[in-house]
Amino acid sequence: MRIRGDVFWNWADPTLHHRAHDETLDDGTSMDVQVRLSRTGATQLFIGVYAGTGMALHEEAFLSRPGESMTRALAWGVGRARCLATNQQSAERQVA
Numbered sequence: 099m100r101i102r103g104d105v106f107w108n109w110a111d112p113t114l115h116h117r118a119h120d121e122t123l124d125d126g127t128s129m130d131v132q133v134r135l136s137r138t139g140a141t142q143l144f145i146g147v148y149a150g151t152g153m154a155l156h157e158e159a160f161l162s163r164p165g166e167s168m169t170r171a172l173a174w175g176v177g178r179a180r181c182l183a184t185n186q187q188s189a190e191r192q193v194a
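Under my numbering, residues 99 to 194 are what the sequence shown spells out, in order.
Quick look at the structure:
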C-alpha cells in the first residue's frame, strides 16, 4: 500500500479521465505515473516513486506539459520515474 504525500493529494482529481502506468522493481520499489487532461485541455502528469514499505521517496506533478499528448507525456514520465527509482537505489547503497 502506498503512503501518498501532499503532492499526490494536491494533484488528485478523480473526476478527470486519466491513464496510469504502475511498475515494481525487484527490490520492491514501485513507480506510479499518471497522465490526464485538465478541464481546459492541458496535459498533466504525476510521477511517484515509493519504497517497498509504501513510503513516498519522490513525488512530483506537472500541471502542464505543453505540446505533449497524453501518450508522449506518459512515456516521458515512466522514463523519469525509472531514473529516479534507480538513482534512489544508488544513493541508498552509497550511504549504507
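Ideal placement from N, C-alpha and C gives every residue a C-beta, glycine not left out.
- Item | Neighbourhood of Glu-157 by C-beta distance below 6 Å, restricted to the same chain and skipping five residues each side | Gly-103, Val-105, Phe-106, Gly-146
- Task: Determine the DSSP secondary structure at Ala-110, reduced to helix, strand or coil.
- Result: coil
- Message: For a test of the three-state rule: what should DSSP assign to Ala-173, helix, strand or coil?
- Response: helix
- Message: Quick check on this structure: which residue in Trp-109, Thr-184, Arg-180 has the alpha carbon closest to the alpha carbon of Gln-142?
- Response: Trp-109
- To the nearest angstrom, how far is it from the Cα of His-115 to the Cα of Asn-185? 31 Å
- Go ahead and pull the three-state DSSP assignment for Arg-180. helix
- Outcome for Arg-134 when other beta-carbon atoms lying within 10 angstroms are tallied against a minimum of 16: buried
- Query: So, is Ser-167 buried or exposed, given that buried needs 16 or more other C-beta atoms within 10 angstroms?
  - Reply: exposed
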